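Each protein sequence line maps, in turn, to chains A and B.
Count the first sequence with the numbering used here and you get residues 1 to 156, in order.
Count the second sequence with the numbering used here and you get residues 1001 to 1153, in order.
For reference, the structure is listed below as structure tokens.
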Amino acid sequence: MLSLQELSDRLEIEQLIVRYSNSIDQRNWDGLDEVFTPDAYIDYRQLGGIDGRYPEVKAWLGPALANFPHYCHLVGNIEIALSGDTARARTLCINPMDTPLPGGGSQVMFLGLWYVDRFVRTARGWRMSERVEEGCFQHNVPAHLAIPAPKTGATA
Amino acid sequence: MTALEEFSDRLEIRRLIVRYSNALDARRFEWLEELFTPDAYIDYRATGGVDGRYPAIREWLPPAVGVFPHMCHLVGNISITVAGDGAQARTLCLNPVAVPLVAGGTQVMFLGMWYRDTLVRTEAGWRISRRVQEGCFQHNVPAQLQIPVAPDF
């Protein structure tokens, strides 16, 4: 039987992963301060973004996502491996993005990706110390957008 | 209040269901050994696959999904009923699959299905002893593929 401590750790880490999506989708960038460690490493390059430390990535997010009038980041399949005061997790994300077209109107593209995360237990609770995106499927991407084609097949 | 043991059982069963998706999507088929009982019955016929016992399905899977360069199996709506050392679960799966086209390029199809599972508590933990797919919607399926249409509700 799992201990109450393990159940609690798993629930807190799941909530952190959901809070990331909700902060991004509500464009509440300061909400991310409660998700990441101050020096967390974040890598969005597989889907055409940047990589770097949290302060730099936080500053990049607002302008980068301002181009998209509607989007959401539905997460699931959260698999967590706990190890004392650290943890790793793999999470699937289905990401519909409403993309304005150069000729007017917009087109919803659907991106599939995984988040490969590391976590650390801090005095203020669990925080994400690393998040690396791994691409999966891309559907209905407008021709004018340059998103790198995902690598074939997934890696564990 | 729900007892700690029931929380534990439910979480372990959810982990099994998620681990199955991750095993397929990461193409780590060896992970399946720790998910199914050795004689589990598996039925993929609702989405055009086969049915049979676990060892035969384990052989069938890698080449069957190997033709698809990208896929994922997002599970949710996991409804679990635990009764002692047995359990039943019903899970919704949203399954985008990139299909290579005969004419070149790929097309992403979207399949919706449910997994109807029977689980059993073993000495090594919970295992799936029966998994039957039940088809839901199909969207953007290439004409070259033969997937049975789900019966109307």
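Cβ atoms here follow ideal geometry from the backbone N, Cα and C, with glycine treated the same way.
None of these values were measured; they are calculated from a predicted model.
Which partner residues does H1070/B have in the DSSP bridge list? Counted from its first residue, the second sequence places residue 1070/B at position 70. Beta-bridge annotation (DSSP): H1070/B is paired with A1098/B.
Query raised in the report: Which value, in whole angstroms, describes the spacing of the CA atoms of A1087/B and L1119/B?
Result: Counting from one through the second sequence, the residue named residue 1087/B turns up at place 87. Counting from one through the second sequence, the residue named residue 1119/B turns up at place 119. A1087/B and L1119/B: Cα-Cα distance of roughly 5 angstroms.
As assigned by DSSP and simplified to three states, the class of N77/A = If you number the first sequence from 1, residue 77/A lands on position 77. Note: N77/A maps to strand in three-state DSSP.
CB of G1049/B within 8 angstroms of CB of A1064/B, strictly: For this step, residue 1049/B is matched to residue 49 along the second sequence. For this step, residue 1064/B is matched to residue 64 along the second sequence. Yes, these two residues count as a Cβ contact at 8 angstroms.
State buried or exposed for H997/B, treating a residue as buried only when at least 16 other CB atoms are found within 10 Å of its CB.
This structure gives no information on residue 997/B, because the portion of chain B shown stretches from 1001 to 1153.
Proximity to A1056/B [Cα-Cα], best of A1046/B, V1149/B, V1082/B and T1037/B: Indexing the second sequence from 1 puts residue 1056/B at position 56. The candidate whose alpha carbon is nearest that of A1056/B is T1037/B.
* Taking the alpha-carbon positions, what's the E14/A to R121/A distance? -> As a first step, residue 14/A is located in the first sequence; it is residue number 14 there, counting from the start. As a first step, residue 121/A is located in the first sequence; it is residue number 121 there, counting from the start. So the two alpha carbons sit approximately 14 angstroms from each other.
Practice task
Apply the 10 Å Cβ neighbour rule to T155/A and answer buried if 16 or more other Cβ atoms are within range, or exposed otherwise.
Solution key: For the purposes of this step, residue 155/A is taken as residue 155 along the first sequence, with counting starting at 1. For T155/A, the predicted structure reports a pLDDT of 47, less than 50, and the residue's modelled location is therefore unreliable. The matter cannot be settled from this model.
Beta-carbon proximity check, D43/A vs V141/A, cutoff 8 angstroms: For this step, residue 43/A is matched to residue 43 along the first sequence. For this step, residue 141/A is matched to residue 141 along the first sequence. No. Outside cutoff.
Quick one: is D1152/B buried, meaning 16 or more other Cβ sit within 10 Å of its Cβ, or exposed? Walking along the second sequence from the start, residue 1152/B turns up at place 152. Around the beta carbon of D1152/B, fewer than 16 other beta carbons sit within 10 angstroms, so the residue counts as exposed.
### Query
Looking at G52/A and W29/A, is the spacing between their C-beta atoms short of 8 angstroms?
Locating residue 29/A in the first sequence gives position 29, where the first residue counts as 1. Locating residue 52/A in the first sequence gives position 52, where the first residue counts as 1. Cβ distance not < 8 angstroms, so W29/A and G52/A don't count as in contact.
- Item | the stretch 1001 to 1009 of chain B contacting the stretch 1057 to 1076 of chain B, beta-carbon criterion three pairs below 8 angstroms | They do not touch, by the three-pair rule.
What would DSSP say about G1086/B, mapped onto helix, strand or coil? Residue mapping note: residue 1086/B aligns to position 86 of the second sequence, counting from 1. Looking at G1086/B - three-state DSSP - the assignment turns out to be strand.
I want to see whether chain A comes within less than 8 angstroms of P1062/B, judged by CB atoms only; does it? Taking the second sequence and counting its residues from 1, one reaches residue 1062/B at position 62. It does not: the Cβ of P1062/B has no partner Cβ on chain A nearer than 8 angstroms.
* Asked: In its own chain, which residues sit with a C-beta less than 7 angstroms from the C-beta of H73/A, not counting the 5 before and 5 after it?
  -> Taking the first residue of the first sequence as position 1, residue 73/A is located at position 73. Excluding its 5 nearest sequence neighbours in each direction, H73/A has C-beta neighbours in its own chain below 7 angstroms: S21, I24, D25, C93 and N95, listed in chain order.
Output needed in chain order: residues of the stretch 120 to 139 of chain A with a Cβ under 9 angstroms from some Cβ in chain B.
Taking 9 angstroms as the Cβ-Cβ cut-off against chain B, the residues of the stretch 120 to 139 of chain A that qualify are G135, C136, F137, Q138 and H139.
Using a C-beta cutoff of 8 angstroms, does L92/A count as contacting chain B? Within the first sequence, residue 92/A is the residue found at index 92, counting from 1. L92/A has a beta carbon lying within less than 8 angstroms of a beta carbon in chain B.
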